[in-house]
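Participant: In this note's numbering, the protein residues as written are 1166 to 1452. Idealized CB from N, CA, C, for every residue including glycine.
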Ligand SMILES: Nc1ncnc2c1ncn2[C@@H]1O[C@H](COP(=O)(O)OP(=O)(O)OP(=O)(O)O)[C@@H](O)[C@H]1O
Ligand SMILES: [Mg+2]
């Protein structure tokens, strides 16, 4: 038993000292849960980060949009962010029949800073003179959904779009057993020549069948699912009739040719461009 000396005052006013059984220290409940300080600090940091994420993405209007999609039966829960950036985030969601990917564009103007002028022009036309930032973001989300639909129809390997509402797009989850497929940039390709052939086939279909050029192609915007490329992030795609379309495909061909050459595939920008549809450019429609 531990004891402590306590000082008190008697009825006559004299100072008295007494021995008392020391009370046992009451443990801090938080201390019990998170025994070390480092763990506590780390936990608070994570919590803050989580809260920041929720605040930034799920503003009131976005929450309502997500709620509406849940009511439609598109998915039941949003599980975790697969990727977050300044312009938006992609989340894994659970639906009755499996997983879905939910892309949420942040309502703000950051997205427009990185867009090429031809897209800005299109957006302005789309939303009209009265269009505000939110309307432009909604038009952008709609555009991604439309392009995905066109590409699926042309048999290009892209996620199937399921629904969109305001700044939220619901699409097929590209992954295995609940784990998202990695971007090409982050994987070691088993058979680079095979992926090269497959990728150029996808791009060829995009040009020849859908009359579209991706416009922002890079190893970050190609996911690798069971050694096969899946194209994502297609909102910037433009018609092959656009005066800059060929130039864009050429730019992507140059980057990808370099990428594949590093992996030992014998190719050149010209070869990649031609295989990707450059040599079968759709005839211009007379207007
Ligand atoms: N359908 C999907 N299934 C699984 N993961 C996906 C899907 N779509 C996107 N992702 C993941 O989210 C990341 C970002 O997606 P995307 O490129 O479409 O968005 P973004 O806003 O353009 O982001 P970034 O600016 O990073 O390119 C991808 O690299 C990929 O890891
Ligand atoms: Mg991207």
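Straight-line CA distance for residue 1201 to residue 1214?
Facilitator: 20 Å
Participant: In three-state terms, what does DSSP make of residue 1303?
Facilitator: Under the three-state reduction of DSSP output, residue 1303 falls in the helix class.
Participant: Taking residue 1302 and residue 1285 to be in contact with their CB atoms under 8 Å, please state how far apart those CB atoms are, rounded to whole angstroms.
Facilitator: With a Cβ gap of about 13 Å, residue 1302 and residue 1285 do not count as contacting.
Participant: For residue 1353, count neighbouring Cβ atoms within 10 angstroms of its own Cβ and tell me buried if that reaches 16, exposed if not.
Facilitator: exposed
Participant: Mind checking residue 1382: buried by the 16 CB within 10 Å criterion, or exposed?
Facilitator: buried
Participant: Does the beta-carbon of residue 1262 have 16 or more other beta-carbons within 10 angstroms, so that it is buried, or is it exposed?
Facilitator: The residue is exposed, with fewer than 16 neighbouring Cβ atoms inside 10 Å.
Participant: Looking at residue 1255 and ligand 1, is the gap between the Cβ and the nearest heavy atom below 8 Å?
Facilitator: yes
Participant: Are there 16 or more other CB atoms within 10 angstroms of the CB of residue 1264, so buried, or fewer, so exposed?
Facilitator: buried
Participant: Please state whether the Cβ-Cβ distance between residue 1345 and residue 1386 is less than 9 Å.
Facilitator: No, Cβ-Cβ distance for residue 1345 and residue 1386 is not below 9 Å.
Participant: Ligand 2 and residue 1386: does the residue's C-beta get closer than 8 Å to at least one heavy atom of that ligand?
Facilitator: yes
Participant: From residue 1440 to residue 1358, what does the alpha carbon distance come to, in whole angstroms?
Facilitator: 13 Å
Participant: Quick one: what does DSSP say residue 1403 is sitting in, helix, strand or coil?
Facilitator: strand
Participant: Starting from the Cα of residue 1356, find the closest Cα among 1246, 1445, 1392 and 1371 and give me that residue.
Facilitator: 1392
Participant: Among 1445, 1415, 1446 and 1447, which one has its Cα closest to the Cα of residue 1433?
Facilitator: Nearest in C-alpha terms to residue 1433, of all of 1445, 1415, 1446 and 1447, is 1415.
Participant: By a C-beta neighbour count over all protein chains shown, 10 Å radius and 16 as the cutoff for buried, is residue 1361 buried or exposed?
Facilitator: buried
Participant: Mapping DSSP to helix, strand and coil, what is residue 1331?
Facilitator: coil
Participant: From what residue to what residue does the alpha helix (DSSP H) around residue 1339 run?
Facilitator: Element bounds for residue 1339: n/a, residue is neither H nor E.
Participant: So what's residue 1442 in DSSP terms, helix, strand or just coil?
Facilitator: coil
Participant: Among the residues of its own chain, which have a CB less than 8 Å from the CB of residue 1367, if the five just before and after it don't count?
Facilitator: 1321, 1322, 1394 and 1396
Participant: Would you say residue 1262 touches ligand 1, meaning its beta carbon is less than 8 Å from a heavy atom?
Facilitator: no
Participant: Take residue 1405 as the anchor and find which of 1252, 1378, 1420 and 1220 has the nearest alpha-carbon.
Facilitator: 1378
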